[in-house]
Amino acid sequence: MDLYTYYRSTSSYRLRIALELKELDYHSIPINLAGNLSEQFTPEYRAINPQGRVPALRVELNQVLIQSPAIIEYLEECFPQRPLLPTSPLERARHRGVAALIGCDIHPLHNVSVLSRLRQLHLPETEIDNWIRHWISLGFDAVEALIDDQGFCFGAFGLADVYLLPQVYAARRFAIDLNRYPKIMRVERLALEHPAFQRAHPDAQADKPA
Ligand SMILES: N[C@@H](CCC(=O)N[C@@H](CS)C(=O)NCC(=O)O)C(=O)O
1 MDLYTYYRST SSYRLRIALE LKELDYHSIP INLAGNLSEQ FTPEYRAINP QGRVPALRVE
61 LNQVLIQSPA IIEYLEECFP QRPLLPTSPL ERARHRGVAA LIGCDIHPLH NVSVLSRLRQ
121 LHLPETEIDN WIRHWISLGF DAVEALIDDQ GFCFGAFGLA DVYLLPQVYA ARRFAIDLNR
181 YPKIMRVERL ALEHPAFQRA HPDAQADKPA
């Protein structure tokens with residue numbers, strides 16, 4: 001499988017964790033979202049993903065999947081070994097709730113194109129920083145209240161952790177005070193000891209600038 005990815009992209013990191021946890025082989029193809037390059041908007045990449053975002057996963061010669069939630073579900077269905085979701089429907093819904101909170105209600109609000117749009121609307125950089133901090137903190141307040149008091153988010157590692165770790169990485173990048181979130185910090189500590197999370201980490205990616 002070919003993974004179109006960017007080292008510090010939250011959604012790419014999320015998908016890398018799922019691929020690593022399931023011990024699937026994949027080849028990373030970096031798409032540089034930064035600054036002047038904006039490789040996501042080249043005609044070549046748009047031919048792969050018309051939305052111009054990462055990640056995308058080529059699963060067969062002419063089959064490219066987009067949107068990390070859809071791709072992670074696909075992996076869960078095709079490669080049920082090392083499942084990311086427990087068997088109980090209630091527990092599955094708890095994982096999916098945290099995943100959706102992060103994937104729909106936090107991450108999209110600080111995505112590259114949203115921040116670019118705020119800049120086009122002349123919002124000063126300090127206000128953009130406040131915007132990012134506002135949405136991540138609001139979301140993390142809820143995640144902190146929802147997750148368990150020990151172990152990963154809900155005991156054994158699973159989908160909620162796959163979404164949480166990249167969001168914590170982004171929160172650190174945007175200098176958010178994480179001391180308010182002891183449960184989230186516990187999950188991060190546990191996850192970073194896990195080889196799959198380590199291999200998926202932005203620092204372990206070949207496209208991370210030196
Ligand atoms: N809902 C999508 C979000 C994808 C997304 O927004 N990716 C970001 C990087 S984390 C991106 O490619 N941004 C480029 C841009 O906005 O121009 C998913 O989960 O795959």
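Take the sequence shown: its position 55, counted from the start at 1, is 55 in UniProt numbering, and no numbers get skipped.
Virtual Cβ for every residue (Gly too), placed ideally from N, Cα, C.
Here the structure is a predicted model, which is why all the values come from computation and not from measurement.
Reference residue i; option with closest CA among the options
{"i": "L138", "options": "H110, T42, K208, H122", "result": "H110"}
{"i": "Y163", "options": "D149, A175, L146, R96", "result": "R96"}
{"i": "E188", "options": "C104, Q120, G151, N62", "result": "G151"}
{"i": "L21", "options": "Q40, P83, I31", "result": "P83"}
{"i": "N130", "options": "T87, S38, I176, D2", "result": "I176"}
{"i": "A99", "options": "L37, I31, E76, G158", "result": "G158"}
{"i": "L75", "options": "K183, D105, E23", "result": "E23"}
{"i": "A145", "options": "G52, P124, L101", "result": "L101"}
{"i": "L85", "options": "A156, N32, Q198, F197", "result": "A156"}
{"i": "D149", "options": "A142, Y45, Y169, K183", "result": "K183"}
Beta carbon of residue i nearer than 7 Å to that of residue j
{"i": "A160", "j": "I72", "result": "no"}
{"i": "V54", "j": "S113", "result": "no"}
{"i": "P202", "j": "Y7", "result": "yes"}
{"i": "A70", "j": "V64", "result": "no"}
{"i": "L118", "j": "I132", "result": "no"}
{"i": "M185", "j": "L178", "result": "yes"}
{"i": "T10", "j": "S28", "result": "no"}
{"i": "F140", "j": "Y181", "result": "yes"}
{"i": "I136", "j": "A171", "result": "yes"}
{"i": "A200", "j": "R16", "result": "yes"}
Local Cβ density within 10 Å of residue i, reported as buried at 16 or more and exposed below that
{"i": "H107", "result": "buried"}
{"i": "P43", "result": "exposed"}
{"i": "P80", "result": "exposed"}
{"i": "L121", "result": "exposed"}
{"i": "L61", "result": "exposed"}
{"i": "A206", "result": "exposed"}
{"i": "F174", "result": "exposed"}
{"i": "N49", "result": "buried"}
{"i": "P166", "result": "buried"}
{"i": "G103", "result": "buried"}
{"i": "F197", "result": "buried"}
Identity of the residues DSSP links to residue i by a beta bridge
{"i": "A155", "result": "Sequence check: residue 155 is Gly here, not Ala. Bridge partners of G155: G151, F152."}
Whole alpha helix (DSSP H) runs in the UniProt domain "GST N-terminal" (1-83) with 4 or more residues, listed along the chain?
10-21, 43-48, 68-78
Along the chain, which unbroken stretches of the alpha helix (DSSP H) at least 4 residues long are found entirely within the UniProt domain "GST C-terminal" (88-210)?
89-105, 112-120, 125-146, 159-173, 182-192, 195-200
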